[in-house]
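Asker:
In this note's numbering, the protein residues as written are 24 to 646.
(1) Pairs of beta-carbons, one from the region 143 to 163 and one from the region 237 to 250, closer than 8 angstroms: are there three or more?
(2) Considering just the uninterrupted stretch of the beta strand (DSSP E) at residue 143, what are its terminal residues?
(3) Determine whether the beta carbon atoms of residue 350 and residue 310 lie at a separation below 8 angstroms.
(4) Roughly how many whole angstroms lie between the Cα atoms of residue 515 and residue 575?
(5) Please confirm if residue 192 has its CB atom under 8 angstroms from at least one CB of chain D.
(6) Do residue 190 and residue 251 count as a contact pair if the criterion is CB distance below 8 angstroms?
(7) At 4 residues or longer, what runs of the alpha helix (DSSP H) sit wholly inside the region 364 to 432?
(8) Which of the three DSSP states, helix, strand or coil, is assigned to residue 164?
(9) In the DSSP assignment, what residue or residues form a beta bridge with residue 462?
(10) Specify the secondary structure class of residue 320 as computed by DSSP and reduced to three states.
(11) Pull up the CB-CB distance for residue 273 and residue 467, whole angstroms please, since I reckon it's below 8 angstroms.
(12) I need the DSSP call for residue 607, collapsed to helix, strand or coil.
(13) For residue 203, which residues of its own chain have a beta-carbon under 7 angstroms away from its beta-carbon, when the five flanking residues on both sides are left out?
(14) Pull up the distance between the alpha-carbon of residue 621 and that of residue 571, whole angstroms please.
(15) Could you tell me whether the region 625 to 633 touches the region 97 to 112, using the rule of 3 or more Cβ pairs below 8 angstroms?
(16) Around the C-beta of residue 457, are 16 or more other C-beta atoms found within 10 angstroms, so that it is buried, or is it exposed?
(17) Grouping DSSP H, G and I as helix and E and B as strand, with all else coil, what is residue 290?
(18) Determine the extent of the alpha helix (DSSP H) in which residue 590 is found, giving its start and end residues.
(19) Between which two residues does the alpha helix (DSSP H) carrying residue 151 extend?
(20) Can you give the Cα-Cα distance for residue 213 and residue 235, rounded to whole angstroms?
(21) With H, G and I counted as helix, E and B as strand and the rest as coil, what does DSSP make of residue 186?
(22) Short of 8 angstroms in beta carbon distance, which residues of its chain neighbour residue 435, apart from the five on each side in sequence? Order them along the chain.
(23) When the Cα of residue 256 is compared with those of 291, 265 and 193, which residue comes out closest?
(24) Using C-beta distances below 8 angstroms, list every residue in its chain close to residue 495, excluding the 5 sequence neighbours before and after it, in chain order.
(25) Need the endpoints of the beta strand (DSSP E) that residue 568 sits in, please.
(26) For the beta strand (DSSP E) that residue 275 lies in, which residues bound it at each end?
(27) Taking all protein chains shown into account, decide if residue 227 is buried (16 or more other Cβ within 10 angstroms of its Cβ) or exposed.
(28) Among 385, 483 and 201, whose alpha-carbon lies nearest the alpha-carbon of residue 312?
(29) Below 8 angstroms on the Cβ atoms is my contact criterion, and I expect residue 366 with residue 342 to pass it. Report the Cβ-Cβ distance as a whole number of Å.
(30) In its own chain, which residues sit with a C-beta less than 6 angstroms from the C-beta of residue 488, not counting the 5 before and 5 after it?
(31) Would you kindly work out how many angstroms separate the C-alpha atoms of residue 437 and residue 413, rounded to a whole number?
(32) Quick one: residues in its chain with C-beta nearer than 8 angstroms to the C-beta of residue 136, no 5 flanking neighbours on either side, listed in chain order?
(33) Here's the rule: buried if 16 or more other CB atoms are within 10 angstroms of the residue's CB, otherwise exposed. What is residue 632?
(34) Please report how far the alpha carbon of residue 377 lies from the alpha carbon of residue 425, in whole angstroms.
(35) Which residue from 415, 353, 529 and 300 puts its Cα closest to that of residue 282?
(36) In the DSSP assignment, the beta strand (DSSP E) including residue 102 goes from what residue to what residue?
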C-alpha cells in the first residue's frame, strides 16, 4: 500500500513539474480586460521645427550608442563543476582495548581490536619476553611492556563531487570516493588473492603498490560511487530524485558525512519535493529504504534440470512487494543560507533557524534462516527463488520518528539543539515462529551545544555540550556498536523492548571512547566543556574535556554509572584561500568503574580498564 502511495506521489510531483514548466513557458501573461479595445492612434505629422537635419552638412554629429548595462548580460553557466578533497590521516592508538582481552568462554570481546600477535599462544608478548631473536641477540622486551596494545597506520581518501549543470535550473550531482579510507601499504604487489605472488615470496621484496581489486588484494574496490541524483527547480518548488545525501539538524539521526574527519555518510534513495514560502521550507519525500531481492541477484539453477544463469542487461525487477521497507518523510522549518546568516549577524540581528521532522517507516515481511539465532538475514544475493520464499517471515513492523531542531545566533553567542523520539513495534521479533509477543520500540536522545566568543574577533571561544542517548538492560558482550547488532529474543536472553538509541557514527564527540571503542553514543550521556583560542586567523588550538556516564548501568561490564574522563587536544593550521588544512591531535582516556570487569561478576577473568591514548595527524586539501 505504501509503495503504491509512493508511486502516486511521484506521479503527482512529476505532473506538477510539467504543468508548472508549461505555464512558465507561456509566461502567465495577463489577459486583456473585456470591453472595446482602444483605437490605434495615428501618428501626428511633424512640423518644420521638428524636422531633423539631414545631409553631409549636418552641424550635429551622431551620438555613439551606449554600451549595454552589465546586469542585463546573461551570466554564463558553467556546465561542469568539480568539488571535493584529498585526505591523509595517520593514527597511533595505544591501549584502545583498555588492557582487556577477549573471553572466549564467556563470549565477551575485547573493547577494541587486539594486535594479531596477542592472539597467538606462542608469539604474544608475554611468551617472547626473555627469548632471543632468531640468529641471536636481545629482543629488548620487558614484562611491563606486555601485552602489546599499540596499533598504528595511515589511510587516504580522494573524494570527488561533480555537478553537471544541464540548464540554469536543472542539475545532476554525484559523489565518488577513490581509495576510500585505503590503508597505506595494504596492497603490495606481493599479494595475489589468498596467497603470495610466486615472484615475490614475501612483502619484504615488494616493489610497488597495486590497485585494490576485490577478491585479489582487497574487500573494497578502488572507486566507490556513493551518490547520484538530479535537482530540478520549478516555479512551485525544487524536485530531487535519485540516491542523495541526507542530513538533518546537528546530525545525530541523519548525517551526510560532510565533515573532514567523517567516515560514513547517510544516503537515501529518495523522491523529494520542497516548497519555499515566507522564508520557510516545506518538504515531502518518499524513500525506497529497502526493496529486497531483485532479478539480478537470484540464482535460477536451483530446482531445474541443468544449470541456468541470468544474463544481466535491461531493467531488473523487484521480485516481492511485501518485503519492501517504505519510508515517508515530512519536514518544515527555516534554514537560512550561510551568507544570509553572516549578513544578519553583521547587522546585529538575532538569527533563529529551526525545523521539525517526521519519519514513518514500515515493513511487513523479511527473510530469516531458521536455526541461526534470532535474525540471520540473507541479502538474496545468488539465492534461489525457492530458498527466498521458504525463509520469508511476517514481522509486521513500523517505526515513527519525530525530531526537533533549532539554532540561535546573536553577536558572539551560539546555541544549537536537536532532540528526537522513536516509537514503534516489531510484531514478530524472532521471525522464526509466528505469533510471538511484539517487541516495543521506544528510544530518545538529544544534544545541546553552546558557545560564546571573547576578545577581538571572538578569538577565544568557550563552549559547553551535553548529549544523551537512551539505553536498555541488554548485557553487552561487545562494547562497539559498529561491530555487532543487538537482536531481541536471541538466546539465552530476551529483551521485550528496544530502548537503546544510537547516534549517527559521523556525529563526532571525542577521539577515543565514543569514536573508537563504542563506535557511537549509545546508552550514555556526556558533558563536554571546551575552550578554543585562535592565535591567528589560520593558527589555533582547542581543548575538549568529555565526562561520560552510563544511562542503564547494568548493560556495562562494570555495572557502574561512571564510564570515563577524556582529554582531547587539537592544534591546527588552516589556509581557507588555498584550501589547505593540517592538524595534530592528542587524546587521553581515563576509564572509570563502568568499563572495568569486576571480580564479583567475572571471577578469575576480572580485569581493570587501563588508560588509553592516541596521536593523530590530519592533512586535508580541499578543492
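Heads up, the beta-carbon is just placed ideally off N, CA and C, and yes, glycines get one too.
Answerer: Answer, in terms of the structure:
(1) The region 143 to 163 makes no contact with the region 237 to 250; the number of CB pairs closer than 8 angstroms stays below 3.
(2) In the DSSP assignment, residue 143 falls outside any beta strand (DSSP E), carrying neither H nor E.
(3) Yes, the Cβ-Cβ distance between residue 350 and residue 310 is below 8 angstroms.
(4) Any reading at residue 515 must be qualified, since the residue scores a pLDDT of 37, below 50, and its modelled position is unreliable; the value itself is stated next. Distance between residue 515 and residue 575, taken at the CA atoms: about 20 angstroms.
(5) The displayed structure is made up of one protein chain only, and chain D is not part of it.
(6) Annotated as distal: residue 251 and residue 190, with beta-carbon spacing of 8 angstroms or more.
(7) Runs found: 408 to 413.
(8) Residue 164 sits in coil when the DSSP states are folded into three classes, being neither helix nor strand.
(9) 449, per the DSSP bridge assignment.
(10) Residue state, collapsed to three classes: coil.
(11) At roughly 15 angstroms, the Cβ-Cβ gap does not stay under 8 angstroms, so residue 273 and residue 467 are not in contact.
(12) Residue 607 falls in the strand class under three-state DSSP.
(13) Hits under 7 angstroms: 180, 243 and 247.
(14) In this structure, the straight-line span from the alpha carbon of residue 621 to that of residue 571 is close to 19 angstroms.
(15) Put simply, the region 625 to 633 does not touch the region 97 to 112. Fewer than three CB pairs are less than 8 angstroms apart.
(16) Interpretation of residue 457 is limited by its pLDDT of 49, a score under 50 that renders its predicted location unreliable; the figure taken from the coordinates is listed afterwards. It counts as exposed.
(17) The answer is strand: DSSP assigns residue 290 an E or B state.
(18) Per DSSP, residue 590 belongs to no alpha helix (DSSP H); it is in the beta strand (DSSP E), 585 to 598.
(19) 148 to 151 is the extent of the alpha helix (DSSP H) around residue 151.
(20) For residue 213 and residue 235, the distance between alpha carbons rounds to 13 angstroms.
(21) In the structure shown, residue 186 sits in a strand (DSSP, three-state: E or B).
(22) Taken in chain order, the residues that qualify are 475, 476, 477 and 481.
(23) It is 193 whose Cα lies nearest to the Cα of residue 256.
(24) Answer for residue 495: 518, 520, 521, 522, 523, 546, 575 and 578, listed in chain order.
(25) Start and end: 562 to 573.
(26) Following the DSSP letters along the chain, one finds residue 275 in no beta strand (DSSP E), marked with neither H nor E.
(27) Classified as exposed, residue 227 has fewer than 16 neighbouring CB atoms from the shown chains inside 10 Å of its CB.
(28) For residue 312, the nearest C-alpha among the options comes from 385.
(29) So it is not a contact: roughly 53 angstroms between Cβ atoms.
(30) Taking residue 488 as the centre and dropping the five residues before and after it, the same chain places the C-beta of 472 and 551 closer than 6 angstroms to its C-beta, in chain order.
(31) In this structure, the CA atom of residue 437 is about 56 angstroms from the CA atom of residue 413.
(32) Excluding residues within five positions, the ones whose Cβ falls inside 8 angstroms are 119, 120 and 174.
(33) Residue environment analysis places residue 632 among the buried positions, since at least 16 neighbouring C-beta atoms fall within 10 angstroms of its C-beta.
(34) Using only the alpha carbons, I get a separation of about 14 angstroms.
(35) Of all alpha-carbon atoms in 415, 353, 529 and 300, the one lying nearest the alpha-carbon of residue 282 is that of 529.
(36) Counted as a single uninterrupted DSSP element, the stretch harbouring residue 102 is not any beta strand (DSSP E), since DSSP gives it neither H nor E.
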